[in-house]
Amino acid sequence: MTIVLCTWGSFIEGGTEEALTLARKLSDSLGARLHWLVAGDAAKEASALAATHGVAGLDVINDPRLGEFQPDTLVEALVQYCDQVKPTTILFNQTVAARLIAPRVAGRLGAAVVMNAFAVAARDGGLDVTATAFGGDTNVVYRLDAPLSVVSVVTTTVVAAPAVQPGNPVERTISVDLASVKERFRVVSSPKAEGPRLEDAQIIVSGGRGLGSAQNYDLVKQLADALGGMWGGSRAIVDDGWIDSSRQVGLTGKITRPGLYLAAGISGASQHMAGCSAAKTIVAINKDKDASIYRYARYGVVADCLEVLPELIKAARA
Ligand SMILES: Cc1cc2nc3c(=O)[nH]c(=O)nc-3n(C[C@H](O)[C@H](O)[C@H](O)COP(=O)(O)OP(=O)(O)OC[C@H]3O[C@@H](n4cnc5c(N)ncnc54)[C@H](O)[C@@H]3O)c2cc1C
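Throughout the sequence shown, residue numbering follows our numbering, covering 2 to 319 in sequence.
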């Protein structure tokens, strides 16, 4: 039995340690071998991390065609790799790119696939995979008994922990033939990913359409700065061009787990809450007392956020 965590790119993405932790716990309970496939340039960086996490085999694909994110090429590389290694479970750290790759790899290999998973347990020779469903409204446990399963894990709810016994991974280079792949995708723009990640922030101040305008969003930035936190927002204001998509919280944005999530002028749609409901404390400012956000908030201020935010900024700066 072999479990493989598949990653790619020129650096180790956030969430990889969490995915390795989950993969290791699963392979321990199944008595399976844990492999980590690194496609791209991050192999050096991966070596130490693989040992820390008790990985048995570090498999590296170093094809120059994988230098940039090219979905068709990457899918082909992963499929050829799986044909050689014959894993029983393939895990992905559910980044935005992994959402595009995981289902296609599963389709090519005829595997069962579950996206948006946050827990995987071995039971009676199969897997019980717990995932969010219906836009984050509910959780579902899927039973996978297929010979090959693909599970894409949202790692923000997983706590990274190194193995008790560090491993001594066997490192090997895997050859794939990508010459005949005709790439159909062209990345025309990608979100700016500079500085700290929203997913790692302990304090997030988020704004929604209730702020009324892009100019008013500046209040969110000011409060986030005064509190030493980061600023984010709902998809509505990303779509309206007020903030960059790298700041979007939610199902199709960043899945965050801060200590404090302060939501100003956000309705609390399930797709938004999928990205912040794991926060320890949610504080909402919404002038509608029946807004969904109040189902999740520990503290709520039923008021105009344009009046409350300046007061909070003053208090935070005092
Ligand atoms: C497949 C899919 C994926 C999606 N993914 C995401 C996602 O990742 N993230 C995301 O955020 N959304 C996502 N959405 C969109 C989501 O369903 C909502 O439309 C969006 O979250 C609404 O944003 P909002 O709360 O800012 O705006 P609105 O729904 O317009 O809510 C504005 C809120 O502000 C309040 N308000 C108005 N004026 C004030 C004021 N002056 N003071 C205080 N409160 C005020 C209103 O009462 C209202 O509750 C997705 C939708 C779909 C279908």
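Every residue, glycine too, gets a C-beta built ideally from N, C-alpha and C.
#1: Spell out the partners DSSP gives Y262 in its beta bridges.
#2: Keeping to the same chain, check which residues put their C-beta closer than 7 Å to that of A24; ignore five residues upstream and five downstream.
#3: Using the beta-carbon count (16 or more within 10 Å), is P88 buried or exposed?
#4: Would you say D289 touches ligand 1, meaning its beta carbon is less than 7 Å from a heavy atom?
#5: Hey, is T157 close to ligand 1, as in C-beta under 7 Å from one of its heavy atoms?
#6: Thinking C-alpha only, which one of Q166, C83, G55 and L310 is nearest L224?
#7: Relative to the alpha-carbon of Y297, which residue among A270, R236 and E18 has its alpha-carbon at the smallest distance?
#8: Can you find at least 3 beta carbon pairs, one from the region 39-50 and one from the region 61-77, that sit closer than 8 Å?
#9: Taking the CB atoms as reference points, tell me whether L199 and T139 lie closer together than 8 Å.
#10: Name the two residues that bound the continuous beta strand (DSSP E) containing C277.
#11: So what does DSSP say about G211, is it helix, strand or coil?
#12: If contact is defined by three or more beta carbon pairs under 8 Å, each pair taking one atom from either stretch, is the region 73-80 in contact with the region 102-110?
#13: Mark N117 as exposed unless 16 or more other C-beta atoms lie within 10 angstroms of its C-beta, in which case mark it buried.
#14: For D305, which residues from the same chain have a beta carbon less than 8 Å from its beta carbon, with the 5 sequence-adjacent residues on both sides left out?
#15: Is the number of C-beta pairs between the region 153-170 and the region 225-234 that are closer than 8 Å three or more?
#16: Return the chain-ordered list of same chain residues with a C-beta closer than 8 Å to the C-beta of A164, the five sequence neighbours on each side being excluded.
#17: Skipping 5 residues on each side, what residues in its chain have a beta carbon closer than 6 Å to that of P148?
So, from the data block:
#1: Within the sequence shown, numbered from 1, the residue matching residue 262 stands at position 261. Y262 pairs with I205 and I283.
#2: The sequence position of residue 24 within the sequence shown is 23, counting from 1. If we look at A24 and ignore the five residues flanking it on each side, its Cβ neighbours are I4, L6, L35 and L92.
#3: As a position in the sequence shown, residue 88 is number 87, starting the count at 1. Answer is buried; the Cβ neighbour count reaches 16.
#4: Position 288 of the sequence shown, counting from 1, holds the residue named residue 289. Yes, the Cβ of D289 comes within 7 Å of a heavy atom of ligand 1.
#5: Against the sequence shown, residue 157 aligns to sequence position 156. No, since every heavy atom of ligand 1 falls outside the 7 Å radius drawn around the Cβ of T157.
#6: Stepping through the sequence shown from its first residue, residue 224 is reached at position 223. Looking at the Cα atoms, L310 is the closest of the given residues.
#7: Counting from one through the sequence shown, the residue named residue 297 turns up at place 296. Considering only alpha carbons, the answer is A270.
#8: yes
#9: Within the sequence shown, numbered from 1, the residue matching residue 199 stands at position 198. Within the sequence shown, numbered from 1, the residue matching residue 139 stands at position 138. Not closer than 8 Å, so no.
#10: If you number the sequence shown from 1, residue 277 lands on position 276. Unbroken run through C277: none, as it is neither H nor E.
#11: What you label residue 211 is simply residue 210 of the sequence shown in a count that begins at 1. In the three-state reduction of the DSSP assignment, G211 falls in the helix class, which pools H, G and I.
#12: yes
#13: Within the sequence shown, residue 117 is the residue found at index 116, counting from 1. So N117 ends up on the buried side.
#14: Within the sequence shown, residue 305 is the residue found at index 304, counting from 1. If we look at D305 and ignore the five residues flanking it on each side, its Cβ neighbours are K288.
#15: With the cut-off at 8 Å, the region 153-170 and the region 225-234 do not touch.
#16: Locating residue 164 in the sequence shown gives position 163, counting from the first residue. Hits under 8 Å: R25, T53, H54 and G55.
#17: Translated into the one-based positions of the sequence shown, residue 148 becomes position 147. Excluding residues within five positions, none has a Cβ falling inside 6 Å.
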